[in-house]
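**Q** When you line the sequence shown up against the UniProt record's numbering, it's residues 1 to 221, in that order.
First the structure, then my questions, so here it is.
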Amino acid sequence: MRKTWVKRDNIYYKPFYKQKLKMTLLGVLLMAIVFFGYQIFYIRKEEAAKVAAEPIDDAGNNKVRDEGGGGAATGGNVSSSSITGLGGAFEDSRFVYVEKIGNYEKKILRGIRLRDIDAYSDRTAVAFRCLNGNREISWSRINDDYCDCPEDGSDEPGTNACEKGRFYCRFQKRHQTGRGGYASVPSSWVNDGICDCCDGSDEWLRSDLNCRNTCKEKFSH
């Protein structure tokens, strides 16, 4: 009697999770879905931030001029330390500028990183949470010239109250590949009489300064 060899795989049922090739292909497919999903989410967020960073021609909202400063508030030379007792982060127009995102106008706090725009929402029913930590404070304590988030200074984006705080310029340029950091200066440089941001937005309280906008020269590409 002649013997016939039959592959073992044809005799016994092999569970799907033991089929290495199929499991490998499935893993690659899942990783591809997650990767492209993240890329789409990141691109949309970057586009929203890019639109927000582009100045609109709106008088009275600290517009960025081609040959001028970041637009200071009226009323002369005022220091950040003289602004106290704010009724809310979005109630004082000196701390807020308006940008058009799509078909809507959105209030944006001066000095914030556009990537963190969702964290700075004027939802009065929700407390503000420090970006670096779990501490929560009321919105009335944002930009009140007192540092409630000493770890990162995120509650004082527009003042120089926090030692570790960063003021992000209104013009926030990144490399077209998405690499590089957002344009920012230490909070202690805000309203110090020196134009540090290329658009002069760090001197937004100094009406006596005439910061020349050099963004096009520094970021020509």
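Every residue gets a Cβ at the ideal spot worked out from N, C-alpha and C, and that includes glycine.
Keep in mind that this is a model prediction, so the values were computed, not measured.
1) Could you tell me the alpha carbon to alpha carbon distance between Gly-193 and Phe-41, rounded to whole angstroms?
2) Determine which residues share a DSSP beta bridge with Ile-137 and list them.
3) Secondary structure at Tyr-146, three-state DSSP: helix, strand or coil?
4) Using the C-alpha atoms, what's the distance from Leu-30 back to Lys-20?
5) Can you tell me whether DSSP reads Arg-115 as helix, strand or coil?
6) From what residue to what residue does the alpha helix (DSSP H) around Lys-218 run?
7) Can you check DSSP and say which residues form a bridge with Phe-167?
8) Is any non-hydrogen atom of the ligand NAP found closer than 8 Å to the C-beta of Ile-112, if you look at the structure I gave you?
9) Per DSSP, Val-96 is paired with what?
10) Find the nearest neighbour of Gly-111 within the set Tyr-104, Tyr-120, Asn-103, judged by alpha-carbon distance.
11) Am I right that Phe-171 and Asp-199 are in contact with their C-beta atoms under 8 Å? What's the rounded C-beta distance?
12) Rounded to whole angstroms, what's the CA-CA distance from Gly-133 to Thr-159? Just pull it up for me.
13) Please report how far the alpha carbon of residue 254 lies from the alpha carbon of Arg-212, in whole angstroms.
14) Suppose you measure from the CA of Arg-115 to the CA of Pro-157; what does that come to, to the nearest Å?
15) Hey, Arg-166 and Ser-184: beta-carbon distance below 9 Å or not?
16) Where does Ser-121 sit, in a helix, a strand or coil, going by DSSP?
17) Within 10 angstroms of its Cβ, does Asn-103 collect 16 or more other Cβ (buried), or is it exposed?
18) If you draw a straight line from the C-alpha of Glu-217 to the C-alpha of Asp-196, how long is it?
19) Please report the straight-line C-alpha distance between Tyr-97 and Asp-148, rounded to a whole angstrom.
**A** So, from the listed chains and residues:
1) Numbered from its first residue, the sequence shown carries residue 193 at position 193. Numbered from its first residue, the sequence shown carries residue 41 at position 41. Between Gly-193 and Phe-41, the C-alpha separation is close to 39 Å.
2) In the sequence shown, the residue the question calls residue 137 occupies position 137. As DSSP reads the structure, Ile-137 sits in a beta bridge with Phe-128.
3) Walking along the sequence shown from the start, residue 146 turns up at place 146. In this structure, Tyr-146 counts as coil in the three-state DSSP scheme.
4) Taking the first residue of the sequence shown as position 1, residue 20 is located at position 20. Taking the first residue of the sequence shown as position 1, residue 30 is located at position 30. Roughly 15 Å between the two C-alpha positions.
5) Looking up residue 115 in the sequence shown gives position 115. Reduced to three states, the DSSP call for Arg-115 is helix.
6) Start at 1 with the first residue of the sequence shown, and residue 218 comes out as number 218. Counting along the chain, the alpha helix (DSSP H) containing Lys-218 begins and ends at 215 to 218.
7) By 1-based counting over the sequence shown, the position of residue 167 is 167. Paired residue(s): Val-185.
8) In the structure on display, the ligand NAP does not appear, and there are no ligands present to speak of.
9) Residue mapping note: residue 96 aligns to position 96 of the sequence shown, counting from 1. Looking at the DSSP assignment, Val-96 forms a beta bridge with Leu-109.
10) Within the sequence shown, the letter at position 111 stands for residue 111. The shortest Cα separation from Gly-111 among Tyr-104, Tyr-120, Asn-103 belongs to Tyr-120.
11) Numbered from its first residue, the sequence shown carries residue 171 at position 171. Numbered from its first residue, the sequence shown carries residue 199 at position 199. Approximately 4 Å separates the beta-carbon atoms of Phe-171 and Asp-199; this is inside 8 Å, confirming the contact.
12) By one-based count along the sequence shown, residue 133 stands at place 133. By one-based count along the sequence shown, residue 159 stands at place 159. A straight-line Cα-Cα distance of about 20 Å links Gly-133 and Thr-159.
13) The shown model of the chain, from 1 to 221, leaves out residue 254, and the question about it has no answer.
14) The sequence position of residue 115 within the sequence shown is 115, counting from 1. The sequence position of residue 157 within the sequence shown is 157, counting from 1. Rounded to whole angstroms, Arg-115 and Pro-157 show a C-alpha spacing of 14 Å.
15) Residue 166 sits at position 166 when you count from the first residue of the sequence shown. Residue 184 sits at position 184 when you count from the first residue of the sequence shown. Cβ distance < 9 Å, so Arg-166 and Ser-184 count as in contact.
16) Your numbering for residue 121 matches position 121 in the sequence shown. In the structure shown, Ser-121 sits in coil (DSSP, three-state: anything other than H, G, I, E or B).
17) The residue labelled residue 103 in the question sits at position 103 within the sequence shown. Exposed: under 16 other Cβ atoms inside 10 Å.
18) Here residue 217 corresponds to residue number 217 of the sequence shown, with the count starting at 1. Here residue 196 corresponds to residue number 196 of the sequence shown, with the count starting at 1. Roughly 15 Å separates the two Cα atoms.
19) The count along the sequence shown starts at 1 and reaches residue 97 at position 97. The count along the sequence shown starts at 1 and reaches residue 148 at position 148. Rounded to whole angstroms, Tyr-97 and Asp-148 show a C-alpha spacing of 23 Å.
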